[in-house]
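Please read the structure below before turning to the comments.
Protein chains: 2
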Amino acid sequence: MSTPSRFKKDKEIIAEYESQVKEIRAQLVEQQKCLEQQTEMRVQLLQDLQDFFRKKSEIEMEYSRNLEKLAERFMAKTRSTKDHQQYKKDQNLLSPVNCWYLLLNQVRRESKDHATLSDIYLNNVIMRFMQISEDSTRMFKKSKEISFQLHEDLMKVLNELYTVMKTYHMYHAESISAESKLKEAEKQEEKQIGRSGDPVFHIRLEERHQRRSSVKKIEKMKEKRQAKYSENKLKSIKARNEYLLTLEATNASVFKYYIHDLSDLIDCCDLGYHASLNRALRTYLSAEYNLETSRHEGLDIIENAVDSLEPRSDKQRFMEMYPTAFCPPMKFEFQSHMGDEVCQVTAQQPVQAELMLRYQQLQSRLATLKIENEEVKKTTEATLQTIQDMVTIEDYDVSECFQHSRSTESVKSTVSETYLSKPSIAKRRANQQETEQFYFMKFREYLEGSNLITKLQAKHDLLQRTLGEGHRAEYMTTRPPNLPPKPQKHRKPRPRSQYSAKLFNGDLESFIKDSGQVIPLIVESCIRFINLYGLQHQGIFRVSGSQVEVNDIKNSFERGENPLADDQSNHDINSVAGVLKLYFRGLENPVFPKERFNDLISCIRFSAAVAFYRLGGTEES
Amino acid sequence: MSTPSRFKKDKEIIAEYESQVKEIRAQLVEQQKCLEQQTEMRVQLLQDLQDFFRKKSEIEMEYSRNLEKLAERFMAKTRSTKDHQQYKKDQNLLSPVNCWYLLLNQVRRESKDHATLSDIYLNNVIMRFMQISEDSTRMFKKSKEISFQLHEDLMKVLNELYTVMKTYHMYHAESISAESKLKEAEKQEEKQIGRSGDPVFHIRLEERHQRRSSVKKIEKMKEKRQAKYSENKLKSIKARNEYLLTLEATNASVFKYYIHDLSDLIDCCDLGYHASLNRALRTYLSAEYNLETSRHEGLDIIENAVDSLEPRSDKQRFMEMYPTAFCPPMKFEFQSHMGDEVCQVTAQQPVQAELMLRYQQLQSRLATLKIENEEVKKTTEATLQTIQDMVTIEDYDVSECFQHSRSTESVKSTVSETYLSKPSIAKRRANQQETEQFYFMKFREYLEGSNLITKLQAKHDLLQRTLGEGHRAEYMTTRPPNLPPKPQKHRKPRPRSQYSAKLFNGDLESFIKDSGQVIPLIVESCIRFINLYGLQHQGIFRVSGSQVEVNDIKNSFERGENPLADDQSNHDINSVAGVLKLYFRGLENPVFPKERFNDLISCIRFSAAVAFYRLGGTEES
C-alpha cells in the first residue's frame, strides 16, 4: 500500500521542521544583536551626555569668570570712593548707591553659583554618566552569558523533539509495514479458506493435505505477523506518546522563552539603567534649581532696594552730609544804636495813623497776592503731578520679549520692535521736557510770589502785633520776654515741626486749636498701632524701646507725617509705646492737672492699672 | 554825652553784620557746590551703570552664543541618527532619548533667553540710564538758574536791611545830637533863670536888660532845638520802625530760603531721578525674573521627562522596534506520520499503567522542584530589591554646594569634598557589583530550574488531561476542537494581559475567579477617578475621549497596572469614562443579562438615569 498523496512525506516533515528551527535560530541571533545595539546606543548616549556636560561646564566656568571680572572691576573702582568708605562706616548709603552695590553683589553671587554649577557638572554629573556607561556594558555582558545558556537549552529541547519525532516516524513506519504484512497474511488465509470452501468432493486428498499444511503455514505466519504488528503498534504508540509529550514540552519551553525569559533578559540589560540615569539628571536639576533659588534671592534683595529708592530720605542724608552748607544761619537781631533802649516798633502818635494805614495796605495787598500765588501754586502742583505721572509710568515689564524668545523666531528683531520703540520714546521725552519747562517757569513765578508774600507777611504780622499791643507799648521798652536765646552757631538743622504750635513739649490745647486735629494724630496713631500689635506683648509700657527709633518716630510726627500709617509692624512695639509716653510726659500742662494728681493717684492706687500712672504721669517731668 | 563803652560802636555793628552776610554768601556758594557735586556723582553712577550693563550684555551674549553652539553641535549630531528620524515621525521616543532632546532644547531656550537679556540690557536698560543722566544734568541746570535767582533776591533783602539799619543809625545819631543840644539849651536857660533869681537890687538896669535879651535868646534857641529834636526823634522812630520791620522781613526771608526753598531746590534737582532709576532697575529685574521663569519652565519639562524615565514602556518600545526579532515563532505542531489519525496521547491499555506511573513520578518531581525553585526565586527577588534600593538612593540633592557658595569662601574645594567623595563612591560601587554578581548567579539558577519545571509541567499537564479523559480517548481521534487557529506569521507582540483570564472582551466571572479581585481594579479605579474629578464635568459619559488615551489606559490596565493610581488629574475625564464604557460594553456576558435587558430598560425609561443605559448597555456591542 503506497502512502496517499495527501500525507506529507517524512522528508517534507523533516525539512519543514528544520526550516522552523532555523528561523528560531536566526531570531535568537537577531535578538542578541538588538540587545547589543541597544547597549551601544546607550553607551553612545551616555558619551554624548558626558561631552555635553563637559562642554557646558566649560561654558559655565567661562561665564562665571567673566561675571567675576565684571564685579571685581567695578568693586575695585568703588572701593576707593568716598561713598564706599561711608558704606563701610555706617551702611547708611544713598538709596541709588545701595542699589548699585547690590547689583554688583548679585553679579558676584551669580558668578559663584555658576562656578558651583560648573563644578557639579564636572565632578558629579559627568562621573555618574561614566558609571552608568560602565554599568550598562557590564549588564549587557552578564545578560549575554545568560542568554547563550538559554539558547543552548532551547536548542537541546528542539533537538530532543527532532529525535522523538524521528523515532515516532520509524516505529510508525514499522508498525504500518507490520500491519500490511499482517493484512497480506490475512488475505492469504482468506484465500485459503475460500479455496477450502470449495466443494470438497472435487478436491483430491493429496491436494487436501497440501492445502491443510498451507493453511497451517499461513495461520502460523499470520500469528507471527500479528505478534510483530502488536509489538510494533505498541512501540509506535509509545513513540507517538513520547512525541506528543515532548511536543507539548517544547512548545511550552519556546513560549516561556519568548514570553518570559526574553523579557527578563531585557530587564537584566536594563538593571539600574533608568534609575541611575534618573539620579544623574536629578543631580543636574538639583544644581539648576538651586542656582535659580540663589539667583532669585539675590534679585529679591535688589527689588527691595529698588522699592526703597526714595528721594525724601536721600535728601535728608544729603543735607546731613554737608551740615555747614545747609544749616540755617543765625537770626539777624536788632542792633540798638548808641544805647537806644526801644527795640520794638513804636506805634504811638504821631506814627500810629501812618502805621495803621500801612498795615491796612499790606493786608489788602497780601490778600491779592495770596490769591494770585495760590493760582500759580495750583498750576505748579498740577504740572508736577503730570511730570510725576510721566516718570512713574510702569513701562518696565519685558515679559513679552521672553514670550517671543520661546518661539523659534529670531530674537533680535522682535525685542527692539515691541517696546521702547524709538519714535514713541522720543515723543514721550519731548513731551516730558516741555512739561518740565512749563513747570520750572511756573515754579519760579511761584517762588517770586511767595518770597514777596513772606516779606510782606512778616511786616504785616509785626504791625498787627504792634498795633494790637499799642496800649501796652509804653511798658515794652526792654527786650520782649519770649525772645529766643541766642542761637548757637552751626547747630544742625533739626527736623522742624510743621505745626506752628509745638507737638512735643507743647500745650495740648493750643496744638488742637492750631492743627485742627481733635485728637492729635500721634495719640490716635500710636494707640491704633498698640491696639493692633501690642496687646499680647509682655512688658508693653514697661520695657523701654530703642532711643534711636523713638526719636525717628517722634521726628516723623513732628514733620506732620504718620510713620505708623502702613499696616506693617516694622516698628518695635516698645518704641511706639515709648513715643506715646514721651509725648504725654512732655506736655506743658499734663492731661491730668497737677492739682488733681494726688487725688487721682489715690483713686487708682487700688486698681491694677498702673500703666495709667506712667502714661499721664508728671512725676518724671 | 559820650556813648558808654557797653554800647557797640557803629563800625562794630556794621562789621558784625557784614561778617554775618559774608557767611551766608559763603553758604550759598557751598550749597551750589554740593548740588553740583551730587549731580556729578549721579552722572558718574549712571555712567558706571551703563558701562556695567554694556559689559554684562556682552557677557550674556557670549554665554548665549556658546550655549547655542553647544546645542547646535549635538542637535546636528542627533539629527542624522535613526532615533531622530523616529522622533520626527511619531514623537514616541525611548525615555532617556527624550530626556536628552529636552536637555538640548533647554540649552537652546537658555541661549535664546540670555540673548534676549543681552538685548534688553543694551537697547532698553542702558538707554534708560543714559536718559536719566541727561535728565539729571538738565534738572541741575534748571535748579541752578532758580537758585541764582533766589540768591539774588536774598542778597537784595540783606542789602535793604543794611540800608535801613544805616538810616536808623544816622537818624538816631541825629536825634541824639539834637537831644543833647536841646539839653544844653535847657541848661543854659536854667543858668539864666538861676542868675535872674539873684537878689535884684544888686543888678544894674543895663545888666538887667542884657540878661532879659539873653534869656529870650536862650528860650528861642531852646525852642528851635526842641523842634529840631522832635523832628529828628520822629525821623529816628520811623527809621527804627522801618529797621524793625525790615529785620522781621529779612529773618522771615532767610528762614524761608533755608527751610523751604533750599529743600524745594533739592527736590528740583531730584525731579524724576528716583522714579526713573526705579523704572530702569525694574526693567532689569523684569528681564531677569522673566529669564528665570522661562528657565524654570524648561527645567520643569525636563523634570517631568526624568519622572517618566521608565524601563517598562521603553522595553515595550524596544521590542516593537524589532518585531521580527521578538515575535514568538509558530507553535510546533503534531506531524502525523503517514496518515496516522491519532494525534493525542493514547492512554489505553497496555500503556495506561506506565503513563499513570510516569504521571505520578512527574507530579512528585515537580513538587520538589517547585519548592526548590521557589526558594531560589525568593533569594533572586530579594537580591534584585537590594540592587534596586542601591540604584534609587536619593543622593542627588546638591543644595549644600550652593549654600557654601553663598558664603565668601572659595567654591572649588568645598564642593568636591562634601558629596560624591571618591572613597565612599568606590565602596558603594564595589558593593553594588558584588550584589549584582550574586543576583546573576541566582537568576541563572532560577532560570535553569524554571526551564526544567516548564518542560515537566507541560508533560504533566498533558498526561493529566489525557488520563482524565482516558475514557473519552476513543472518540478523540481527530484534532482537539479548541486547538488555536494557526498563528499568523510575524504578528506583532501586543500588550499581553497579565491575567490568564481576559480583562477586556472577556468574561467577568472567570476574571474575578482568576484574578482574585472581587471588583475588577479597572472598575474601582475608573469610578474613583470619576468620583474625584468628573462629577462636575459636563458631558461625562456622553462626550467621547481621546482614542489614543483610552487605548493607553486600557493597555495599562491589561498589564495589571493602575494608570489612575496617582492623585493627579492628568488624564482627560472623558477618556477615563470611555475606558469604563469600553470595558462594560466588551464583556462577553453583559452585567445586565440579555434576557432581562428589555425589562430593565422599560423600568428605567421613566427615570432620568439614562447614563445607566450607556454604561451597561449591550445595544452597541
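Residue numbers (numbering that gives the first Met the number 0), protein chains in the order written: chain A, 0 to 620; chain B, 0 to 620. Positions of the beta carbon are idealized from the N, C-alpha and C atoms, including for glycine.
query                                                                                                                                                                  : result
So Phe128/B contacts chain A; which residues on that side make the cut at Cβ distance below 9 angstroms?                                                               : Near Phe128/B there are no residues of chain A at all, since even the closest Cβ is about 11 angstroms away, more than 9 angstroms.
Can the beta-carbon of Met138/A be found closer than 9 angstroms to that of Gln49/A?                                                                                   : no
Apply the 10 Å Cβ neighbour rule to Glu241/B and answer buried if 16 or more other Cβ atoms are within range, or exposed otherwise.                                    : buried
Going along the chain, which residues of the region 532-559 of chain A sit with their C-beta nearer than 9 angstroms to a C-beta in chain B?                           : none
Could you say if the region 360-378 of chain A and the region 255-263 of chain B meet the contact criterion of at least three C-beta pairs nearer than 8 angstroms?    : no
Among the candidates Glu433/A, Arg464/A, Glu133/A and Val28/A, whose CA atom is the shortest distance from the CA of Ser275/A?                                         : Glu133/A
Along chain A, which residues have their Cβ under 8 angstroms away from the Cβ of Gln37/B?                                                                             : Phe317
Note down, in chain order, each residue of its chain lying with its Cβ closer than 6 angstroms to the Cβ of Gly297/B, except the 5 sequence neighbours on either side. : Gln105 and Arg108
Report the neighbours of Leu204/A on chain B: residues whose CB is nearer than 9 angstroms to its CB, in chain order.                                                  : Going along chain B, no residue has its Cβ under 9 angstroms from Leu204/A, so there is no contact; the nearest lies around 45 angstroms.
Note down the Cα distance separating Thr391/B from Thr292/B, rounded to an integer number of angstroms.                                                                : 30 angstroms
Taking only runs that begin and end inside the region 303-372 of chain B, name each unbroken beta strand (DSSP E) of 3 or more residues, in chain order.               : none
By the 10 Å Cβ neighbour count, where 16 or more other Cβ atoms means buried, how is Ile430/B classified, buried or exposed?                                           : Per the sequence shown, residue 430/B should be read as Asn rather than Ile. Classification for Asn430/B: exposed.
Taking a Cβ distance cut-off of 7 angstroms, strictly less, list which residues of the region 209-236 of chain A are near chain B, in chain order.                     : Leu233 and Ile236
Just to make sure I have the definition right: I need the residues of chain A whose C-beta is within less than 8 angstroms of the C-beta of Leu352/B. Which are they?  : Reading off the sequence, residue 352/B comes out as Ala, not Leu. Within chain A, no residue comes near Ala352/B; the closest Cβ sits about 13 angstroms away, beyond 8 angstroms.
How would you call His259/A, buried or exposed, if buried means at least 16 neighbouring beta carbons within 10 angstroms?                                             : exposed
Determine the DSSP secondary structure at Gln516/B, reduced to helix, strand or coil.                                                                                  : coil
Looking at the unbroken alpha helix (DSSP H) that takes in Asp260/A, where does it start and where does it end?                                                        : Looking at the DSSP string, Asp260/A is not in any alpha helix (DSSP H), and its letter there is neither H nor E.
Quick test of the definition: if touching needs 3 or more C-beta pairs under 8 angstroms, does the region 229-244 of chain B touch the region 146-166 of chain B?      : yes
Counting only Cβ pairs nearer than 9 angstroms, list the residues of chain B close to Leu466/A.                                                                        : Simply none; closest approach about 12 angstroms.
From the DSSP output, in three-state form, read off Leu502/A for me.                                                                                                   : coil
When you compare the CB of Ile258/A with every CB in chain B, is at least one pair closer than 9 angstroms?                                                            : yes
Nearest-angstrom Cα distance between Met337/A and Met318/A?                                                                                                            : 40 angstroms
Taking the continuous alpha helix (DSSP H) assigned at Arg207/A, which residues delimit it?                                                                            : Leu204 to Lys255
Round the Cβ separation of Leu354/B and Leu466/B to the nearest angstrom and send it over; I've been treating them as touching at under 8 angstroms.                   : 6 angstroms
From Asp269/A to Pro95/B, what distance separates their C-alpha atoms?                                                                                                 : 12 angstroms
Quick check on Asn561/B: does DSSP put it in helix, strand or coil?                                                                                                    : coil
Is there contact between the region 320-339 of chain A and the region 445-458 of chain A, where contact requires at least three CB pairs shorter than 8 angstroms?     : no
Could you check whether the Cβ of Phe528/A sits closer than 9 angstroms to any Cβ belonging to chain B?                                                                : no
Under 9 angstroms, do Met220/B and Ala177/B count as touching if we go by C-beta distance?                                                                             : no
What does Gln46/B touch in chain A if you count any residue whose Cβ is under 8 angstroms from its own?                                                                : Residues of chain A passing the Cβ test: none, with the nearest at roughly 11 angstroms.
Distance, Cα to Cα, Glu444/B vs Ala457/B?                                                                                                                              : 20 angstroms
What's the gap between the Cα of Val590/B and the Cα of Met389/B?                                                                                                      : 47 angstroms
Which of the three DSSP states is assigned to Lys87/A in this structure?                                                                                               : Any reading at Lys87/A must be qualified, since the residue scores a pLDDT of 49, below 50, and its modelled position is unreliable; the value itself is stated next. Helix, per DSSP.
Within a Cβ cutoff of 7 angstroms, which residues of the same chain sit near Val305/B, ignoring the five residues on either side of it in sequence?                    : Cys98
Just to confirm before moving on: does the CB-CB distance between Pro519/A and Tyr582/A stay below 9 angstroms?                                                        : yes
Just to make sure I have the definition right: I need the residues of chain B whose C-beta is within less than 7 angstroms of the C-beta of Arg24/A. Which are they?   : None at all; the shortest Cβ gap to chain B is about 10 angstroms.
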